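*Asks:* Numbering (the numbering used here), first residue to last: 47 to 687.
Built from N, CA and C at the ideal position, the CB exists for glycine as well.
Predicted, not measured: the structure shown is a model, and the values here were computed from it.
Below is the structure:
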């Protein structure tokens, strides 16, 4: 049955729906129905005769966009399914494609994956531009159109080193015929700013934006330009701003009224999701953040009291077994369905351990760390198998893929063979020839270039592997690239199951994996336990939420070179924990471990202390004490059943 458009529309929700063309800011805490209010505003506009194609509803993730489209289609209003709903990056790609901006400027939309960016940074590192860490920070600033702060105006870099980096970065990307995914927004911003007569600046009458606090200044500026002749409505919550690594700031929504005169404000503070116990703990936790507007969530009268458990285990293997048994028992006694269980982990290794333990207990579980499926140090052959296999697939699909060829040439070298690749690039730029062609001629002995011998050896090895793979398709291709008995291949094999056809070729397999890794979608209506990162849980709800490995040094993981940077990092980590604990509708389990293997702690960046032999000591997260006196005392894990 279609949902009636004004069902349950009372109080703030009704006012939100009825606001005129003034800018609208809705500050909405977790579980307060902000998406409901946004959808009802769209419904009101449609009922009043607004053309559906002139309504833009912008979301932060593909999952949110999918859910929004589904909700709109169920309104029972003619044309609701024609409202333009999607992510900011999809919107920007559509604008650039329609205007043929990339073709005109000579850019290729081939996206760089995270592991491929490591090769880019290695090639750009120098005494003048800095090392890998500094370049990584500048890269994030580049993707935010150099607006590092909410007060910065997106545009061209001012700092001389930023300018030199900007020039060198574009030169590398253009030669390698690739783009950063984050470039879509700055490119769109430049296009819209420089072309005031563009029809895209007059394409919408109403622009609705969800999760506004997660957008950086460049993204916000793009939406402002798209709302040149349109009403702008934004929904968000500074307490749920968790993406500072892309220069999103909580003051993005806090200062909205300062840049949008005559803003009408509404506040949604009644949490309809979380039990009374969780709301009280969440309020106490987030009150420790100093940089925020003082406000609190309140509970609906019908919300349950809720349940919270705080447990500690000796190590993460015991934790995985214990948490899995707790979940199994809760499912077995009918307390919860598997699809209503959410396990959140600060690192994939701990999530995988819980998943495997659940599987051994015949509980259906899936992990969602796909963006980490290609993790590994490309300098070390022993832990970059997934990267090499995907690169091999990319070259099988297109032997002239310059980024993939660059990566293949560098795998396993302490310097990623930066010097040899630099020599090859200079030769190609002088002659206009493609890298693959030059390497082929070098391999055949038709050409000699000093300093490229190691690249030729890698190229010859590549040819042998490609010859063995040519002609394979479908599952045979998957098995050859991602062997069934290899742990590093598990996530990639799961992702290949999403292909619709059975006899797919290398190009279809590459494209499917690339989309799944760079634009993951999280299923909401499922029949299995979901296991993922705290970041990824944003927007999800479950009856039972378990947060594992709640240890200081991971939750929170405080970073920064200065005291001010560390303070900001701590506040964002607290917001992330706030998001995580408010996913539950009934039961919350906070689990920690007393020790971690020292080598694992080093690999994942966990901050540990002391200990003996192979194991280092840990302590439970400081955030536990910030949940207030209502939090139950922590107990040994083996006492929870």
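Could you check if residue 291 is buried or exposed, using at least 16 other CB atoms within 10 Å of its CB as the buried criterion?
*Replies:* exposed
*Asks:* Can you tell me the Cα-Cα spacing of residue 237 and residue 649, whole angstroms?
*Replies:* 42 Å
*Asks:* If distances are taken between C-alpha atoms only, which option among 635, 174 and 161 comes closest to residue 433?
*Replies:* 161
*Asks:* Considering residue 192, what are the terminal residues of the beta strand (DSSP E) in which it resides?
*Replies:* Segment: none, residue 192 is in no beta strand (DSSP E) and carries neither H nor E.
*Asks:* Thinking residue 16 and residue 294 are a contact (beta carbons under 8 Å), I'd like their distance in whole angstroms, please.
*Replies:* A question about residue 16 goes unanswered here, because the residues of the chain that appear run from 47 up to 687.
*Asks:* Should residue 285 go down as buried or exposed, given a rule of 16 or more other Cβ atoms within 10 Å for buried?
*Replies:* buried
*Asks:* How far does the beta strand (DSSP E) with residue 359 in it reach, from first residue to last?
*Replies:* 353-359
*Asks:* So is residue 426 buried or exposed if we call it buried at 16+ other beta carbons inside 10 Å?
*Replies:* exposed
*Asks:* Return the bridge partner residues of residue 593 from the DSSP annotation.
*Replies:* 390 and 636
*Asks:* Can you tell me where the alpha helix (DSSP H) with residue 413 in it begins and where it stops?
*Replies:* Element bounds for residue 413: not the alpha helix (DSSP H) but the beta strand (DSSP E), 411-413.
*Asks:* What number of angstroms, rounded off, separates the C-alpha of residue 333 from the C-alpha of residue 75?
*Replies:* Roughly 13 Å between the two C-alpha positions.
*Asks:* What are the boundary residues of the alpha helix (DSSP H) that includes residue 572?
*Replies:* That residue, residue 572, is in no alpha helix (DSSP H); it is neither H nor E in DSSP.
*Asks:* Take residue 348 as the anchor and find which of 364, 309, 318 and 570 has the nearest alpha-carbon.
*Replies:* 318
*Asks:* In whole angstroms, what separates the C-alpha of residue 408 from that of residue 436?
*Replies:* 31 Å
*Asks:* Which residues does DSSP list as the beta-bridge partners of residue 576?
*Replies:* 388 and 412
*Asks:* Does the separation of the CB atoms of residue 488 and residue 481 fall below 8 Å?
*Replies:* Contact: no.
*Asks:* Measure from the alpha carbon of residue 366 to the alpha carbon of each residue in 391, 165 and 201, then state which is nearest.
*Replies:* 391
*Asks:* May I ask you to verify whether the segment 644-663 touches the segment 586-601, counting CB pairs closer than 8 Å and requiring at least 3?
*Replies:* Touching, yes.
*Asks:* Could you tell me whether the segment 661-679 touches the segment 633-645, using the rule of 3 or more Cβ pairs below 8 Å?
*Replies:* Touching, yes.
*Asks:* With three or more beta-carbon pairs closer than 8 Å as the criterion, would you say the segment 443-453 touches the segment 547-567?
*Replies:* yes
*Asks:* Along the chain, where does the alpha helix (DSSP H) containing residue 609 start, and where does it finish?
*Replies:* Segment 609-627, the alpha helix (DSSP H) holding residue 609.
*Asks:* Counting pairs of beta carbons, one from the segment 381-391 and one from the segment 590-597, are three or more of them closer than 8 Å?
*Replies:* yes
*Asks:* Going residue by residue through the segment 482-529, where are the continuous beta strand (DSSP E) segments of at least 3 residues, counting only ones entirely within it?
*Replies:* none
*Asks:* Kindly list the residues whose CB is nearer than 6 Å to the CB of residue 567, restricted to its own chain and excluding five residues on each side of it in sequence; keep chain order.
*Replies:* 108 and 109
*Asks:* Where do the ends of the alpha helix (DSSP H) carrying residue 303 lie?
*Replies:* 302-305
*Asks:* Short of 8 Å in beta carbon distance, which residues of its chain neighbour residue 675, apart from the five on each side in sequence? Order them along the chain.
*Replies:* Closer than 8 Å at Cβ, skipping near neighbours: no residue.
*Asks:* Is the distance from the Cβ of residue 310 to the Cβ of residue 277 below 8 Å?
*Replies:* no
*Asks:* By DSSP, does residue 381 sit in helix, in strand, or in coil?
*Replies:* coil
*Asks:* So what does DSSP say about residue 429, is it helix, strand or coil?
*Replies:* helix
*Asks:* Grouping DSSP H, G and I as helix and E and B as strand, with all else coil, what is residue 316?
*Replies:* strand
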